[in-house]
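Enquirer: Taken in order, the sequence shown gives residues 74 to 253; the numbers are from the numbering used here. Just so it is clear, CB atoms sit at the ideal spot from N, CA and C, and this is done for glycine as well. Handing you a structure now.
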Amino acid sequence: IPDGELVRDLVVSAGYAVLGRWRENYDEVDYTRAVDTLESVGAEHLADRTYGTLSEGERKRVLIARALMTDPELLLLDEPAAGLDLGGREELVARLADLAADPDAPALVLVTHHVEEIPPGFSHCLILAEGHVVAAGLLRDVMTAENLSAAFGQSIAVDTIDGRYFARRVRGRAAHRRRQ
74 IPDGELVRDL VVSAGYAVLG RWRENYDEVD YTRAVDTLES VGAEHLADRT YGTLSEGERK
134 RVLIARALMT DPELLLLDEP AAGLDLGGRE ELVARLADLA ADPDAPALVL VTHHVEEIPP
194 GFSHCLILAE GHVVAAGLLR DVMTAENLSA AFGQSIAVDT IDGRYFARRV RGRAAHRRRQ
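Written as structure tokens, this is what we have:
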């Protein structure tokens, strides 16, 4: 994405499956929809900025808005919080929780190595280790110390606070072996 690309143009052009304005002329309704989509991810204030001036967290929210402009049935988010600082990650998780609660939103699939990045509202989980399924099913049933310990090959404790999961290594216990 060119650094000089206006955020509003970047998002609106997704509805036409192009990158950049090129020679396109968009209707006001297109721009209104783009700003509404930016608002849904907490980025409407970025509409008049250029892509190159955005922080990593702002860029990720803008790219999610761009993906939403196509009205997808499924939105695959591959480690969307990678590279974000704590504030950026928490803002992203909050916006994904809002999206998960929206009945008109697409189905969401989140790939992550960090359980604290799983927003409230996500319902199912698949834990993989070395290409093998450790556990799959309802998030509340799968996100356990036993399953995470098996996946990571060390003793892991899991806590939940306000619908969010947090994991930490437990010292002094024998590490669980990864599933072969």
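Using a 10 Å radius around the Cβ and a threshold of 16 neighbouring Cβ atoms, would you call Glu190 buried or exposed?
Expert: Answer is buried; the Cβ neighbour count reaches 16.
Enquirer: If you count every other CB in all the chains shown that lies within 10 Å of the CB of Val80, and 16 or more means buried, which is it?
Expert: Label assigned to Val80: buried.
Enquirer: Go through its chain and collect everything with a Cβ distance to Thr143's Cβ below 7 Å, but skip five positions before and after it.
Expert: Here the set comprises Ala87, Gly88.
Enquirer: Which class does Thr105 belong to by DSSP, given the choice of helix, strand or coil?
Expert: DSSP places Thr105 in helix when its eight states are reduced to three.
Enquirer: For the segment 207 to 249, list the beta strand (DSSP E) runs that are entirely contained and at least 3 residues long, ordered along the chain.
Expert: Here the runs fully enclosed are 229 to 234, 237 to 242.
Enquirer: Give me the residue from Pro153, Asp214, Asp121 with the minimum Cα distance to Glu78.
Expert: Closest option to Glu78, Cα to Cα, is Asp121.
Enquirer: Less than 6 Å between C-beta atoms, sequence neighbours within five positions excluded: which residues of the same chain meet that for Arg168?
Expert: Same-chain partners within the cutoff: Val114, Gly115.
Enquirer: Do Ala202 and Ala218 come within 8 Å of each other at the CB atom, strictly closer than that value?
Expert: No, these two residues do not count as a Cβ contact at 8 Å.
Enquirer: If I measure Cβ to Cβ from Arg139 and keep anything under 7 Å in the same chain, skipping five residues before and after, which residues do I get?
Expert: Cβ neighbours of Arg139 beyond the five flanking positions: Leu83, Val84, Ala87.
Enquirer: Please go through the same chain and pick out, in chain order, the residues whose beta-carbon is closer than 7 Å to the beta-carbon of Glu164, but skip the five residues on each side of it.
Expert: These residues qualify, in order along the chain: Gly115, Gly130.
Enquirer: Is DSSP giving Arg252 helix, strand or coil here?
Expert: Low confidence applies here, because Arg252 scores a pLDDT of 43, under 50, leaving its location unreliable; read the following figure in that light. The answer is coil: DSSP assigns Arg252 none of H, G, I, E or B.
Enquirer: Quick check on the burial criterion: 16 or more other C-beta atoms within 10 angstroms. Buried or exposed for Pro145?
Expert: Classification for Pro145: exposed.
Enquirer: Where does Val184 fall in DSSP's three states?
Expert: Looking at Val184 - three-state DSSP - the assignment turns out to be strand.
Enquirer: Which two residues bound the contiguous beta strand (DSSP E) that contains Leu150?
Expert: Looking at the DSSP string, the run of the beta strand (DSSP E) that includes Leu150 is 147 to 151.
Enquirer: Between Pro75 and Ala155, what straight-line distance do the alpha-carbon atoms span, to the nearest angstrom?
Expert: C-alpha separation (whole angstroms): 21 Å.
Enquirer: Is it right to say Pro153 is buried, meaning 16 or more other beta carbons lie within 10 angstroms of its own, or is it exposed?
Expert: Buried, because 16 or more other Cβ atoms sit within 10 Å of the Cβ of Pro153.
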